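Asks:
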Amino acid sequence: MPTPQESRRRVRTYDPARTWRALRAQVGHVRVAVRGLTGEQWKWPSGLPGWDVRLLVVHMVRQVEAVGALLEAEPPPTGARTAGLDAWALGTAGIAAELDASTRAQEARTADPLVALDAAAEGLAALEGEATRGDRLVPAPFGAMRASDFLVTRLVELVVHGDDLARATGVEVGLDRQAVAAAVRVLADALAAKAPGNSVEVRVPPYAAVQCVEGPRHTRGTPPNVVETDPVTWLRLAAGRATFADEVDAARVSASGERADLAPHLPVLG
422 MPTPQESRRR VRTYDPARTW RALRAQVGHV RVAVRGLTGE QWKWPSGLPG WDVRLLVVHM
482 VRQVEAVGAL LEAEPPPTGA RTAGLDAWAL GTAGIAAELD ASTRAQEART ADPLVALDAA
542 AEGLAALEGE ATRGDRLVPA PFGAMRASDF LVTRLVELVV HGDDLARATG VEVGLDRQAV
602 AAAVRVLADA LAAKAPGNSV EVRVPPYAAV QCVEGPRHTR GTPPNVVETD PVTWLRLAAG
662 RATFADEVDA ARVSASGERA DLAPHLPVLG
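All residue numbers for the sequence shown refer to this note's numbering, where the first residue is 422 and numbers rise by one.
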């Protein structure tokens, strides 16, 4: 069932088959990039506090492995209340310390992150049927979640962390168009849930446009407060990799109107 915030607005849905294809494609892009890392690059700072590139790659391995792990876990009871994508995006900050600790524990057990990534990627092939079933629930961190929605969260993770990897190492990480589209939309919708309202329109062409922030609602024509940016800049803002003021100063974000400062509402992903 949708949360109270979700029930007051349209809840976006994602086609499971397209999501699956995008996930396989994005995992493939990450594998190619990781194969291109040199010995020294594994030790470079990842850009995330306290994490080097090796730890970042292990974290990405975990995002892929999580699909199989949750499908193998005891399923939630029939009729269980489900958590949506907004709950997942906005809840990640609350488990940041737990994720850090579990990633470090897995890194200590991992002899070769590339081998682990290849194994996780190859293991996906057998999971498609269960992962894309519309009625299949998994026990996600914030409650029961549709398996097909959990796949969408993997797209967000791999796109955001793929960008982290590219910025940290200079190695190109390909971005699947459908994966980027889903990541942009999930995080735009999460912003609308975090700061509900209709006074600001946030545009991330060609993928998303949402209204948010309390205040006067426009009824027609151009809204009085508009924020517009490109997909990659939006992902960095929403994930806390960039600040709103810096991106405005760099002309990567255009913001017009007295309510168009999104800084108080960012990031949306912990």
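Think of the CB as a built atom: it goes at the ideal place given N, C-alpha and C, for glycine as much as any other residue. Only a predicted model underlies this, so the values are computations on that prediction, with no experimental measurement involved.
1) Taking the alpha-carbon positions, what's the Arg657 to Val479 distance?
2) In angstroms, rounded to a whole number, what distance separates the CA positions of Glu495 and Gly618?
3) Using CA atoms only, rank isn't needed, just tell me which of Arg557, Leu535, Val573 and Glu543 is closest to Asp507.
4) Which runs of the alpha helix (DSSP H) at least 4 residues long sit entirely within the stretch 508-576? Give them in chain order.
5) Do the CB positions of Val648 and Ala681 come within less than 8 Å of each other?
6) By Cβ distance below 8 Å, which residues in the same chain neighbour Leu608 in space, the five residues on each side in sequence not counted?
7) Assuming Ala565 and Ala504 make a contact with CB atoms under 8 Å, what is their CB distance in whole Å?
8) When burial is assigned at 16 or more other CB atoms within 10 Å of the CB, is Arg483 buried or exposed?
9) Quick check: what's the CA-CA separation for Ala546 versus Asp570?
10) Work out the CA separation of Val674 and Phe665 for me, nearest whole Å.
11) Between which two residues does the beta strand (DSSP E) holding Ala676 run?
12) If we count Cβ pairs, one from each stretch, closer than 8 Å, do we get three or more for the stretch 447-467 versus the stretch 530-545?
13) Quick check on DSSP: helix, strand or coil for Arg624?
14) Hey, could you find the ends of the beta strand (DSSP E) Glu649 is sitting in?
15) Under three-state DSSP, which class holds Pro466?
16) Could you check the C-alpha separation between Gln447 and Ala532 for me, to the nearest Å?
17) For Thr434, count the other beta carbons within 10 Å of its own beta carbon; 16 or more makes it buried, fewer makes it exposed. Which is it?
18) Answer with buried or exposed for Thr650, where buried requires no fewer than 16 other C-beta atoms within 10 angstroms of its C-beta.
19) Span of the alpha helix (DSSP H) holding Ala604?
20) For Gly583, count neighbouring Cβ atoms within 10 angstroms of its own Cβ and tell me buried if that reaches 16, exposed if not.
21) In the DSSP assignment, find the beta strand (DSSP E) that holds Val631 and state where it starts and stops.
22) Can you list, in chain order, the residues of its chain whose CB lies under 6 Å from that of Gly595, leaving out five sequence neighbours each side?
23) Looking only at its own chain, which residues have a Cβ that is under 6 Å from the Cβ of Arg575, when we skip the five neighbours before and after it?
24) Determine the contact status of Val625 and Pro652, defining contact as a CB-CB distance below 8 Å.
25) Please report the distance separating the alpha-carbon of Pro534 from that of Trp472.
26) Measuring only the C-alpha atoms, how far is Ala613 from Gly512?
27) Using a threshold of 8 Å, state whether the C-beta atoms of Asp364 and Val634 are closer than that.
Replies: The answer reads as follows:
1) Note on geometry: alpha-carbon atoms of Arg657 and Val479 lie some 21 Å from one another.
2) Distance between Glu495 and Gly618, taken at the CA atoms: about 38 Å.
3) Ranking Arg557, Leu535, Val573 and Glu543 by Cα distance to Asp507 puts Val573 first.
4) Fully enclosed alpha helix (DSSP H) runs of 4 or longer: 517-530, 534-544 and 549-552.
5) Their beta carbons are under 8 Å apart, which means Val648 touches Ala681 by this criterion.
6) Ala510, Val577, Trp655, Leu656, Ala659, Ala660, Val689 and Leu690.
7) Between Ala504 and Ala565 the Cβ distance is about 7 Å, and since that is below 8 Å, they are a contact.
8) By the 10 Å Cβ count, Arg483 comes out buried.
9) Going by the C-alpha atoms only, they are around 18 Å apart.
10) Distance between the alpha carbons of Phe665 and Val674: 8 Å.
11) Its beta strand (DSSP E) spans residues Val674 to Ser677.
12) Yes, the stretch 447-467 is in contact with the stretch 530-545.
13) Three-state DSSP puts Arg624 in a strand.
14) It spans Val647 to Thr650 - the beta strand (DSSP E) in which Glu649 sits, taken as one unbroken run.
15) In this structure, Pro466 counts as strand in the three-state DSSP scheme.
16) Between the alpha carbons of Gln447 and Ala532 lies a gap of roughly 24 Å.
17) It is exposed - the Cβ of Thr434 has fewer than 16 other Cβ atoms within 10 Å.
18) By the C-beta density criterion, Thr650 is buried, having at least 16 other C-beta atoms within 10 angstroms.
19) That run of the alpha helix (DSSP H) goes Arg598 to Lys615.
20) Looking at its Cβ environment, which holds 16 or more other Cβ atoms inside 10 Å, Gly583 is buried.
21) Run containing Val631: Ala629 to Cys633, per the beta strand (DSSP E) assignment.
22) Hits under 6 Å: His450.
23) The answer, listed in chain order, is Leu444 and Gln484.
24) In terms of Cβ geometry, Val625 and Pro652 form a close pair [threshold 8 Å].
25) For Pro534 and Trp472, the distance between alpha carbons rounds to 14 Å.
26) Each residue's Cα considered, the two are about 15 Å apart.
27) With the chain covering 422 to 691 only, the question about residue 364 has no answer from this structure.
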